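Under full-length UniProt numbering, the letters of the sequence shown match residues 1 to 302, in that order.
Cβ coordinates follow ideal geometry from the N, Cα and C atoms, glycine included.
Quick caveat: nothing in here was measured; it's all calculated off a predicted structure.
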Amino acid sequence: MKNKMQSYILIGSLLLLIIAIAATILIVQMNHDTKTANDEDNEIAASPDSDEKDQKKEEENQGTSEPAGDEQHKGTVEGKQQETPQPQQPKQQQNQQTNKQQAQPKQHQPAENKTVDNNGYIEGQQLPSKPTYIKGVLIANKKYPLPKDFAPGESKEARAAFEKMAQDARKHGFELVAFSTYRSYEYQQMLYNRYVQRDGKEKADRYSARPGYSEHQTGLAFDIGEKSREDLWLTEEFGESPAGKWLAANAHKYGFILRYPKGKEHITGYMYEAWHFRYLGVDLATKVKESGLTLEEYLGIV
Ligand SMILES: [Zn+2]
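Right under this line is the structure:
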């Protein structure tokens with residue numbers, strides 16, 4: 001009787017053990033499948049949430065960095081590796097072209113799959129031998145640098161447009177000054193090196209463009225402020241001043257756009273710069289302004 005009991009218990013235990021082993025194998029197998037699927041998702045989506053968090057952290061850091069003369073507010077984009085950039089169309093075209101967006105030609109995509117550093121530069125990128133024109137528009141940003149020898153000087157057309165704008169601004173009581181326009185490669189190099197010497201490369205990259213990457217080298221970028229309000233030059237507060245507001249609302253009528261708007265740092269590569277305007281000509285500037293997009297988005301090179 002006792003022996004029989006023991007046999008039952010033994011058989012029962014063995015059965016339980018087998019069930020437990022089978023269940024463990026099943027769970028391990030399921031986990032493996034899920035993990036594989038997640039990894040594939042990550043490759044495509046590149047976790048936008050963490051990017052956004054980094055961006056926020058970067059913005060907070062930005063507030064603590066020292067003023068650095070001409071480029072104190074030049075910001076940065078944290079680790080933006082854009083593996084599958086999707087060209088964007090201006091708003092008015094979006095409705096008609098929604099289905100075609102995925103099929104946009106990619107001939108202008110720079111250095112896909114290359115590593116982008118903490119400041120938005122593509123690691124190891126060499127300066128090109130020719131400047132990049134996209135849909136006829138000269139572009140200079142952290143992904144599309146300019147050749148070292150690209151030295152057009154200040155654009156006469158942009159200068160004339162600025163003078164006309166300044167003349168009209170005077171009627172509203174603002175005396176506008178373009179305090180920094182064309183900067184040569186060599187001049188930018190000198191500025192950048194000075195900042196690197198003072199603050200180190202990592203920090204300098206946060207507020208100063210590397211030589212070859214500044215839009216000022218195109219001769220089409222104008223840093224604008226108000227005469228006798230030098231205290232507001234190169235500050236965000238300029239954007240809140242009557243002159244800054246007038247500029248933001250009217251510059252396109254003269255061919256200029258506010259190049260680095262608020263909240264678009266992750267697209268333009270720069271923090272909000274209330275003073276930095278880019279000449280595009282009246283037609284294009286008006287279209288870009290009305291689209292509400294940045295130049296990168298408008299041209300589909302995000
Ligand atoms: Zn500028």
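Item	Value
Hey, how far is the Cα of residue 188 from the Cα of residue 219?	13 Å
Do you know how far the Cα of residue 295 is from the Cα of residue 173?	30 Å
If you draw a straight line from the C-alpha of residue 182 to the C-alpha of residue 217, how long is it?	6 Å
Answer yes or no: the CB of residue 155 versus the heavy atoms of ligand 1, is any distance below 7 Å?	no
Beta-carbon separation of residue 222 and residue 158 under 8 Å?	yes
Output yes or no for whether 8 Å exceeds the beta carbon distance between residue 124 and residue 142.	no
Locate the alpha helix (DSSP H) running through residue 230, then write down its first and last residues.	Unbroken run through residue 230: none, as it is neither H nor E.
If I measure Cβ to Cβ from residue 154 and keep anything under 7 Å in the same chain, skipping five residues before and after, which residues do I get?	181, 182, 219
Give a yes or no on whether the C-beta atoms belonging to residue 288 and residue 257 are separated by under 8 Å.	yes
Is it the case that the CB of residue 274 approaches a heavy atom of ligand 1 more closely than 7 Å?	no
Starting from residue 139, trace the beta strand (DSSP E) both ways and give me its first and last residue.	137 to 139
Taking all protein chains shown into account, decide if residue 242 is buried (16 or more other Cβ within 10 angstroms of its Cβ) or exposed.	exposed
Is residue 184 near ligand 1 - that is, is its Cβ less than 7 Å away from at least one heavy atom of it?	no
Is residue 151 buried or exposed, if buried means 16 or more other CB atoms sit within 10 Å of its CB?	exposed
What residue range is occupied by the uninterrupted beta strand (DSSP E) comprising residue 150?	Segment: none, residue 150 is in no beta strand (DSSP E) and carries neither H nor E.
Could you round the C-beta distance between residue 279 and residue 270 to whole angstroms and report it? I think they count as a contact, below 8 Å.	Incorrect: roughly 17 Å between the Cβ atoms, too far for contact.
With distances taken Cα to Cα, identify the nearest neighbour of residue 118 among 127, 133, 266, 297.	266
Could you give the residue range of the alpha helix (DSSP H) that holds residue 258?	It is not in any alpha helix (DSSP H) - residue 258 instead sits in the beta strand (DSSP E) that spans 256 to 258.
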